[in-house]
Amino acid sequence: MLLKQLSLTNFRGLSDISIDFVNENGKPRLLTLFLGENGTGKSSFLKAIALISAGSNALSNLLGNPNDWITFGESFCEVKAVFVTKDARNPKERNVSLRINRGESIKDILVNNSESLDEIDKALDYAERNYFILGYGASRRLNKNQSFNQPESSYNNDRTVNVATLFNTEANLYPLAAWVMELDYRSDGKSIDAVKNALNEFLVDVTFDSIDKQQRTLLFSNGKDLIPLHLLSDGYQNVSAWIGDLLYRIFNTFGEQANPLQTNGILLIDEIDLHLHPKWQRRLIGFLKIKLPNFQIIATTHSPLTAQQAGEGELIILSRNEEKTIDAQPFTAAPNTMLLHQLLLSPVFGISSDESLETEQLKAEYEEEKNKHGNTKRVKELSKQIEALPQVVRPNMVADDDVLDLLKTINAELQK
Numbered sequence: 012m013l014l015k016q017l018s019l020t021n022f023r024g025l026s027d028i029s030i031d032f033v034n035e036n037g038k039p040r041l042l043t044l045f046l047g048e049n050g051t052g053k054s055s056f057l058k059a060i061a062l063i064s065a066g067s068n069a070l071s072n073l074l075g076n077p078n079d080w081i082t083f084g085e086s087f088c089e090v091k092a093v094f095v096t097k098d099a100r101n102p103k104e105r106n107v108s109l110r111i112n113r114g115e116s117i118k119d120i121l122v123n124n125s126e127s128l129d130e131i132d133k134a135l136d137y138a139e140r141n142y143f144i145l146g147y148g149a150s151r152r153l154n155k156n157q158s159f160n161q162p163e164s165s166y167n168n169d170r171t172v173n174v175a176t177l178f179n180t181e182a183n184l185y186p187l188a189a190w191v192m193e194l195d196y197r198s199d200g201k202s203i204d205a206v207k208n209a210l211n212e213f214l215v216d217v218t219f220d221s222i223d224k225q226q227r228t229l230l231f232s233n234g235k236d237l238i239p240l241h242l243l244s245d246g247y248q249n250v251s252a253w254i255g256d257l258l259y260r261i262f263n264t265f266g267e268q269a270n271p272l273q274t275n276g277i278l279l280i281d282e283i284d285l286h287l288h289p290k291w292q293r294r295l296i297g298f299l300k301i302k303l304p305n306f307q308i309i310a311t312t313h314s315p316l317t318a319q320q321a322g323e324g325e326l327i328i329l330s331r332n333e334e335k336t337i338d339a340q341p342f343t344a345a346p347n348t349m350l351l352h353q354l355l356l357s358p359v360f361g362i363s364s365d366e367s368l369e370t371e372q373l374k375a376e377y378e379e380e381k382n383k384h385g386n387t388k389r390v391k392e393l394s395k396q397i398e399a400l401p402q403v404v405r406p407n408m409v410a411d412d413d414v415l416d417l418l419k420t421i422n423a424e425l426q427k
């Protein structure tokens with residue numbers, strides 16, 4: 012199951028927005044990145060997708076206070092989605108909608124939307140793995156629980172737990188060490204290599220080495236030393252935590268398959284590059300696309316390094332228009348064909364120069380002082396300071412809309 016279209020009305024400040032998740036051939040694209048300033052609704056898109064695909068049982072756990080989903084001052088909100096089964100011979104579209112009226116109870120919402128939600132509920136009744144979806148919020152962190160038991164949770168539904176961190180900052184990921192040790196115990200060591208290989212493929216510059224059964228922890232190697240999981244840097248802990256949880260949920264659901272990572276599904280990640288070094292940011296999307304080739308990845312980012320990995324149509328820009336409502340528009344070129352500074356200086360990041368803020372302010376003061384008062388003593392002082400700055404070896408290439416259109420045209424010609 013993949014997502015083709017999402018429409019939101021009065022949903023957490025998003026007034027009337029529709030986004031297509033398809034490529035030029037009309038097939039669902041497997042990567043979409045949302046980029047925008049804080050407060051433009053990036054996380055809300057991920058939550059809307061999680062809600063509309065949850066099914067009735069999970070939905071009752073995720074909604075919380077229903078009024079909180081409705082834009083302040085409005086009487087209702089609505090989420091509509093078009094899903095398609097990933098069946099090359101006979102793909103089927105399913106239209107699903109969820110309407111929440113202000114003042115309704117969760118029971119009222121489920122009853123009033125039962126006909127639409129029935130599309131997903133029937134699929135889930137047939138096989139729980141249908142409409143497989145995983146979601147990770149920005150507060151994901153390593154769960155250091157060493158118990159073999161399922162972590163305590165207020166949720167009683169696997170589909171709810173699969174997206175819980177998107178909705179609850181206190182929700183736990185499945186403890187990586189506990190799962191790996193449990194798997195090792197149950198399989199008498201026979202299944203651990205598959206997990207070790209999968210985990211190592213996602214990590215950069217460290218590898219999962221072994222299990223310290225006496226200390227009940229996992230040991231990782233940086234090529235020189237062995238380091239317990241809980242002593243890895245925050246960046247490694249963050250990635251190993253949600254990657255480990257992702258692997259657990261995929262293997263737990265599709266473990267009988269020859270290669271569980273080849274399964275289909277939707278992966279939602281808020282702030283995908285959280286805690287990551289720039290070198291790692293540049294590689295993460297590529298790793299996910301290679302290792303989860305049939306997953307539809309939908310994520311948010313603030314980073315030009317992450318945005319640069321998107322192809323044409325894969326980067327959605329969220330911004331406020333003159334009416335102060337949110338617009339969602341595809342980036343007008345292919346970020347993965349642009350230089351990093353071209354992307355950073357494009358209108359989507361709102362940065363006019365790649366010089367330091369101090370240098371930019373110095374030059375601005377020089378221009379203002381010279382225009383107002385002529386060649387004053389202060390202007391001469393500023394001029395000397397500017398002349399003393401290191402020489403720029405290339406011009407600042409601000410990629411405005413005209414430049415982006417030209418790049419797009421050139422790229423189209425090269426493809427012929």
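Using my numbering, the first residue of the sequence shown is number 12, and each one after it goes up by one. By construction, the Cβ of each residue, glycine as well, lies at the ideal position given by its N, Cα and C atoms.
The beta strand (DSSP E) enclosing residue i, as first and last residue numbers
i, result
"Gly146", "144 to 147"
"Ile373", "Sequence check: residue 373 is Leu here, not Ile. Not the beta strand (DSSP E): Leu373 falls in the alpha helix (DSSP H), residues 368 to 384."
"Asn21", "13 to 22"
"Ile238", "237 to 239"
"Phe32", "It is not in any beta strand (DSSP E) - Phe32 carries neither H nor E in the DSSP assignment."
"Leu230", "228 to 232"
Nearest neighbour of residue i, chosen from the options [CA to CA]
i, options, result
"Ile277", "Trp253, Asp284, Arg294, Gln307", "Gln307"
"Pro39", "Asn21, Leu46, Leu14, Thr82", "Leu14"
"Met89", "Leu135, Leu184, Val217, Leu17", "Before going further, note that residue 89 is Glu rather than Met in the sequence given. The shortest C-alpha separation from Glu89 is found at Leu17."
"Ala205", "Val359, Asn270, Lys133", "Asn270"
"Thr175", "Gly266, Gly75, Ala375", "As written in the sequence, residue 175 is Ala, which differs from the Thr given in the question. Looking at the Cα atoms, Gly75 is the closest of the given residues."
"Ile63", "Lys53, Gly24, Asn36, Ile111", "Ile111"
"Gly50", "Leu128, Glu378, Ile328, Asp220", "Ile328"
"Phe255", "Ile309, Met192, Leu316", "Sequence inspection shows Gly at residue 255; the Phe mentioned does not correspond to that position. When each option's Cα is compared against that of Gly255, the closest is Met192."
"Leu299", "Ala375, Ile280, Pro315, Thr264", "Ile280"
"Thr218", "Ile203, Gly234, Arg227", "Gly234"
"Leu109", "Asn141, Leu70, Leu145", "Leu70"
"Asn124", "Trp190, His384, Gly66", "Gly66"
"Leu393", "Asn347, Asp195, Lys374", "Lys374"
"Asn183", "Leu194, Ser150, Asp132", "Ser150"
"Ser116", "Pro239, Gly52, Asn72", "Asn72"
"Lys91", "Ala134, Arg260, Lys118, Leu128", "Leu128"
"Lys118", "Ile60, Ile144, Phe87, Asn68", "Asn68"
"Gly52", "Arg23, Gly297, Ile60", "Arg23"
"Met12", "Ile60, Asn36, Thr20", "Ile60"
Cβ-based burial, residue i [other Cβ within 10 Å; buried from 16]
i, result
"Tyr247", "buried"
"Lys58", "buried"
"Val107", "buried"
"Pro186", "buried"
"Glu104", "exposed"
"Glu282", "buried"
"Phe159", "Only weak support is given to the placement of Phe159: the predicted model assigns it a pLDDT of 39, under 50, and the question is left unresolved by the model."
"Val95", "buried"
"Gln161", "With a pLDDT of only 47 at Gln161, under 50, the local geometry of the prediction cannot be trusted, and the value read off the model is given with reservation. The residue is exposed, with fewer than 16 neighbouring Cβ atoms inside 10 Å."
"Asn332", "exposed"
"Tyr137", "exposed"
"Glu181", "exposed"
"Asn168", "buried"
"Ala344", "buried"
"Gln353", "buried"
"Ser55", "buried"
"Tyr147", "buried"
"Ile301", "exposed"
"Asn305", "exposed"
Continuous alpha helix (DSSP H) stretch holding residue i: start and end
i, result
"Leu194", "187 to 197"
"Thr171", "169 to 172"
"Ile397", "388 to 398"
"Thr218", "Run containing Thr218: none in the alpha helix (DSSP H); it sits in the beta strand (DSSP E), 218 to 223."
"Ser251", "245 to 265"
"Ile203", "203 to 213"
"Leu184", "No alpha helix (DSSP H) contains Leu184, which DSSP labels as neither H nor E."
"Phe360", "Phe360 -> no alpha helix (DSSP H), and no H or E assigned at all."
"Leu177", "175 to 178"
Distance cut-off 6 Å: residue i Cβ against heavy atoms of the ligand MG
i, result
"Leu73", "In the structure on display, the ligand MG does not appear, and there are no ligands present to speak of."
Report the residue ranges of all beta strand (DSSP E) runs contained in full by the region 273 to 355; include only those spanning at least 3 residues, in chain order. 276 to 280, 306 to 312, 326 to 331, 337 to 341
What residue ranges within the region 45 to 133 form continuous beta strand (DSSP E) runs of no fewer than 3 residues, ordered along the chain? 87 to 95, 104 to 112
Decide if the region 357 to 376 is in contact with the region 82 to 97; the criterion is three or more beta carbon pairs, one per stretch, under 8 Å apart. no
Does the region 287 to 294 come within contact of the region 231 to 250, defined as at least 3 CB pairs closer than 8 Å? yes
If you pair each beta-carbon of the region 41 to 61 with each one of the region 316 to 332, do three or more pairs fall below 8 Å? yes
Pairing CB atoms from the region 333 to 340 with CB atoms from the region 16 to 36, are three or more of them under 8 Å? yes
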